[in-house]
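Residue numbers (our numbering): 2 to 75.
Note that beta-carbon positions come from the ideal geometry of N, C-alpha and C, so glycine has one too.
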């Protein structure tokens with residue numbers, strides 16, 4: 002599903018995994034929307050996500066999360 006967000010950005014609700022998560026994705030965790038600031042590759046396909054709030058989340062290679070991603074115009 003894609004929609005226009007306030008400010009005119011096109012956003013989409015997507016499913017992300019350790020292989021597809023990107024900087025800037027917004028993931029809802031515990032009722033809070035957290036934006037991915039940085040990520041680090043870990044052994045066996047896992048990734049550690051660093052959120053703008055400073056919190057860390059390590060996801061396994063097969064973990065699936067729902068996120069909102071801003072679609073960039075070219």
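Between residue 22 and residue 36, is the Cβ-Cβ spacing less than 8 angstroms?
One-based indexing of the chain shown puts residue 22 at position 21. One-based indexing of the chain shown puts residue 36 at position 35. No, they are not a contact pair.
Where does residue 29 sit, in a helix, a strand or coil, going by DSSP?
Along the chain shown, read from residue 1 onward, the residue named residue 29 stands at position 28. Three-state result, residue 29: strand.
Considering only C-alpha positions, which residue in the set 16, 57, 14, 20 is nearest to residue 46?
Taking the first residue of the chain shown as position 1, residue 46 is located at position 45. If we check each option's Cα against that of residue 46, 20 comes out closest.
Relative to the alpha-carbon of residue 33, which residue among 65, 44, 52, 72 has its alpha-carbon at the smallest distance?
What you label residue 33 is simply residue 32 of the chain shown in a count that begins at 1. When only C-alpha atoms are compared, the closest one is 52.
Residue range of the unbroken beta strand (DSSP E) whose run includes residue 1:
Beyond the ends of the chain as shown, which are 2 and 75, falls residue 1; an answer cannot be given.
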